[in-house]
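Chemist: Here the UniProt record's numbering is used: the first residue of the sequence shown is 1, the next is one more, and so on. We treat Cβ as the ideally placed atom computed from N, Cα and C, and that holds for glycine. Because the structure is a prediction, the values reported are computed rather than measured.
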Amino acid sequence: MKSVGLVNVAGNIMMIVIKAYLGVVGGSKGLIADAVHSVADLLATFVMIMGMKLSAKTPNERYPDGYGKSEYMVAIVIYLFLLVIGVYIMLDGYQAIVERHFIRPCWFALWGAFFAIAINELMFRQSVCAGKQSNSPSMVAKAWESRSDVYASFAVLIGILGAMMGFSFMDPLAAFIVGVIILRLCVHSIYESVLKLMDQAPEKETLEEIHIALATVPGIREVGRVVGRELGPTLEVTINLGVPAA
């Protein structure tokens, strides 16, 4: 699982550099926007790693529940910053369309889009395979969530091709679409982080699985209320149990 994370980090860094460079050289707003999208993915990975490290710190008298929630606070700050960038990309693409300020992309930008699709698809497939081999539903779910990167790069590819064929508005339109994708990602991530800071309960299915598992333990006569909250990667559960009198 660690190797998958390292591959994703390395792949995203490589795509950021290549897409940003070829986007500027090739004159494609869409590819530059897609580079920012990769920045969002990379920062999301760093938030996860940072959260895991902080939450692993030993609880103390000042923080008896540990540092698990620090992951959510870091995520909110980062995604607020990215939200501003996403809005800027949307407005920049919209302004270019309205004012008809079009630049015809060249072949460099086209190859950059092809490269992004190929790398994103490879990272997606590796994450799915690793998730199935390690029996990790969360890794598989994260892999499918990152499939949106492939679709975003494909939209950029169509936009560049359209602009090269004479439909000049399609490249800034692709940038606008990627801006919407970034905006959606940021709003969803901020919303989820706020809910976790407010001690949102874990999925009902998770609590039911805990309830069923406890019911099979010898010596437990009754399983009462089962509630929980997420502290970063850690799940804290409070359980009321009925046991025989001593």
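Of all the options 39, 162, 182 and 116, which has the alpha carbon lying nearest to the alpha carbon of residue 153?
Modeler: Closest by alpha carbon: 116.
Chemist: Quick one: using the 10 Å Cβ neighbour count with 16 as the cut-off for buried, is residue 224 buried or exposed?
Modeler: By the 10 Å Cβ count, residue 224 comes out exposed.
Chemist: Less than 8 Å separating the beta-carbons of residue 65 and residue 156?
Modeler: No, the pair does not count as a contact, with Cβ atoms beyond the cut-off.
Chemist: Could you tell me if residue 6 is buried or exposed, where buried requires 16 or more neighbouring beta carbons within 10 angstroms of its beta carbon?
Modeler: By the 10 Å Cβ count, residue 6 comes out exposed.
Chemist: Which class does residue 62 belong to by DSSP, given the choice of helix, strand or coil?
Modeler: Three-state result, residue 62: coil.
Chemist: Where do the N-terminal and C-terminal ends of the alpha helix (DSSP H) with residue 147 fall, by residue?
Modeler: Here the alpha helix (DSSP H) through residue 147 covers 147-164.
Chemist: Determine the closest residue to residue 209 out of 199, 197, 228 and 196, with distance taken between C-alpha atoms.
Modeler: It is 228 whose Cα lies nearest to the Cα of residue 209.
Chemist: Nearest to residue 73 by CA position, among 204, 240, 220 and 191, is which residue?
Modeler: Cα-wise, what sits closest to residue 73 is 191.
Chemist: Would residue 60 be called buried (16 or more neighbouring beta carbons within 10 Å of its own) or exposed?
Modeler: It is exposed - the Cβ of residue 60 has fewer than 16 other Cβ atoms within 10 Å.
Chemist: For residue 122, which residues of its own chain have a beta-carbon under 6 Å away from its beta-carbon, when the five flanking residues on both sides are left out?
Modeler: Excluding residues within five positions, none has a Cβ falling inside 6 Å.
Chemist: Report buried or exposed for residue 29, applying the criterion of at least 16 other Cβ atoms within 10 angstroms of its Cβ.
Modeler: Buried, since its Cβ has 16 or more Cβ neighbours within 10 Å.
Chemist: Kindly indicate the opening and closing residues of the alpha helix (DSSP H) around residue 182.
Modeler: Segment 170-197, the alpha helix (DSSP H) holding residue 182.
Chemist: So for residue 206, helix, strand or coil by DSSP?
Modeler: Three-state result, residue 206: helix.
Chemist: Determine the extent of the beta strand (DSSP E) in which residue 239 is found, giving its start and end residues.
Modeler: Run containing residue 239: 234-242, per the beta strand (DSSP E) assignment.
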